[in-house]
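Undergrad: I'd like to ask you about the structure that follows.
There are 2 protein chains.
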Amino acid sequence: MIDDTLARTQVVEAADQLFYARGVQAVGMDAVRTAAGVSLKRIYALFPSKDALIAAVLERRRAQWNAGIAATAERADTAREKILAVFDFLDGWFREPDFNGCAFINAYGELHDGNPDVSRTVREQKASFQRYVADLVRDAGGPETLAAQLAILAEGAQTTAAIAGTPEAAAQARAAAEVLLGAALD
Amino acid sequence: MIDDTLARTQVVEAADQLFYARGVQAVGMDAVRTAAGVSLKRIYALFPSKDALIAAVLERRRAQWNAGIAATAERADTAREKILAVFDFLDGWFREPDFNGCAFINAYGELHDGNPDVSRTVREQKASFQRYVADLVRDAGGPETLAAQLAILAEGAQTTAAIAGTPEAAAQARAAAEVLLGAALD
DNA sequence: CTTGTTGGAGAACGATCGTTCTCCGCTGAT
DNA sequence: ATCAGCGGAGAACGATCGTTCTCCAACAAG
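First to last, the protein sequences are chains A and B.
Everything in the first sequence is counted per full-length UniProt numbering, starting at 1 for the first residue and increasing by one.
Everything in the second sequence is counted per full-length UniProt numbering, starting at 1 for the first residue and increasing by one.
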């Protein structure tokens, strides 16, 4: 048998792809098993329930988002450039062929009522991003109010790009962010 | 028996409330029947399938959104004020106790894969709003690029308010819109 | 080789889904 | 009073869900 850690990774990756493409409720555990190549018995030994698997998938998305943001920020020097780099990161993401909006927003809309863990996780993820932006705004010498405005732009770009099916919202939001930064930092 | 039109309205209203609160897939037709007080037989005489009922619910949401935006715009004089009035409309909406994000975004995230009609309807609704904003921007004498930026702000405010569970994103987005308008219209 | 243990494939279970069907009581014409 | 036809309540149907169970091949220890 394959290693527990490897099996976990395969299951979470397969579930992530399926959940993201089709929605969580539309994907049965049988489809996860087929895609992951791991037996149902093994899946239920690794995750006590589908809800636990959903939580693991969201945790994986969280780590990926944080890593992507951090990698993009590394290539920028100033706090102001790091803020704008967020929108460059979004631009690259929107151009991926299977881009389908923010997985957290999708999961929240679908599951918030019956799954409090999902609501809490999504809320925490968004709050964490807002803290990240707020720290950069503080470093750049901008006012407190600017951070929330930039986060709203990033959020709106994600849903706009997902529904329109085109990536241009990233550049539009970036241009708006430049105006807001220019006005706040004179 | 009650009037066909009345029965239709009751079914669509009940389905809208349930779908919006719990998600579409989590609501069975039995729950719709109980909430609407209309027999299953009758529901299926009025709507050939659940998908048709979903389409009717989204159409109702579209009409409500357009009416709400139009009513708020009526109380504003200039094009610039009509643009900002959109965010006042959002503010009032976010404060409603059962506010739960944009029903179109929620439906898209949940159903886009298996229901092309939903995707098309949601895309058309968002495109229609962008045209509305673009018309106002043109009337105000602003550049083409401004409309998309304002629409992204409105979009982001909706998901941010939904996930945070607080209405302040409306005021934050409005403040950002004022900056963008100020910079564009000098 | 025999035995005991493990994990994989997938059948089975009870619940619930969307949809259809059966039954029955009501109404209105004769 | 009788009968035809309509609509309501909800049982029934086949499919599918999340989850558990059965069965058997493969392998390690003696």
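Glycine included, every Cβ here is placed at the ideal spot set by N, Cα and C.
1. Counting only runs of 4+ residues fully inside the region 96-155 of chain B, write out the alpha helix (DSSP H) ranges in chain order.
2. Step through the CB atoms of chain B and report whether any lies within less than 8 Å of the CB of A:Ile69.
3. Does any residue of chain B bring its CB to less than 8 Å from the CB of A:Tyr108?
4. For the region 137-154 of chain B, which residues have a CB atom closer than 8 Å to at least one CB atom of chain A, in sequence order?
5. Let me know the secondary structure DSSP gives B:Val38 once reduced to three states.
6. What three-state label does DSSP hand B:Thr5 in the structure shown?
7. Could you give the DSSP three-state label for B:Val32: helix, strand or coil?
8. Anything in the UniProt domain "HTH tetR-type" (5-65) of chain A with a Cβ closer than 7 Å to a Cβ of chain B? List those residues in chain order, please.
9. Using a Cβ-Cβ distance under 8 Å, would B:Ile83 count as near chain A?
10. Closest Cβ-Cβ distance between B:Gly92 and chain A: below 8 Å?
11. Tell whether a beta-carbon distance below 8 Å holds between B:Gly94 and B:Ala176.
12. Which residues of chain A have a Cβ atom closer than 7 Å to the Cβ of B:Val86, listed in chain order?
13. Between the region 167-181 of chain B and chain A, which residues of the former have CB atoms less than 8 Å from a CB of the latter, in chain order?
14. When you compare the region 157-169 of chain A with the region 95-105 of chain A, are there three or more beta-carbon pairs, one atom per stretch, that lie closer than 8 Å?
15. Report all residues from its chain with a CB closer than 6 Å to the CB of B:Ala85; omit the five preceding and five following residues, and keep chain order.
16. Are the CB atoms of A:Ile43 and A:Val12 nearer to each other than 8 Å?
17. Excluding the 5 residues flanking B:Tyr132 on each side, which residues of the same chain have their C-beta closer than 8 Å to its C-beta?
18. Could one say the Cβ of B:Asp113 lies closer than 8 Å to chain A's Cβ atoms, at least one of them?
19. Give a yes or no on whether the minimum CB-CB distance between B:Ala134 and chain A is below 8 Å.
20. According to DSSP, is B:Thr72 helix, strand or coil?
21. Quick check on the burial criterion: 16 or more other C-beta atoms within 10 angstroms. Buried or exposed for B:Asn125?
22. Taking the alpha-carbon positions, what's the B:Tyr108 to B:Pro116 distance?
23. Hey, could you find the ends of the alpha helix (DSSP H) residue 217 of chain A is sitting in?
TA: With the given structure in hand:
1. 103-111 and 116-140
2. no
3. yes
4. Thr145, Ala148, Gln149, Ala151, Ile152, Leu153 and Ala154
5. coil
6. helix
7. helix
8. Ala21, Arg22, Gly23, Gln25 and Ala26
9. no
10. no
11. In the sequence as displayed, the identity of residue 94 of chain B is Phe instead of Gly. The answer is no: Cβ separation not under 8 Å.
12. In chain order: nothing, as chain A lies at least about 13 Å away.
13. Glu168, Ala169, Gln172, Ala173, Ala175, Ala176, Val179 and Leu180
14. yes
15. Thr72, Ala73 and Ala76
16. no
17. Ile69
18. yes
19. no
20. helix
21. It is worth fixing the name first, because residue 125 of chain B is Gln in this sequence and not Asn. The residue is buried, with at least 16 neighbouring Cβ atoms inside 10 Å.
22. 10 Å
23. Chain A is shown from 1 up to 186; residue 217 of chain A falls before or after that span and cannot be answered.
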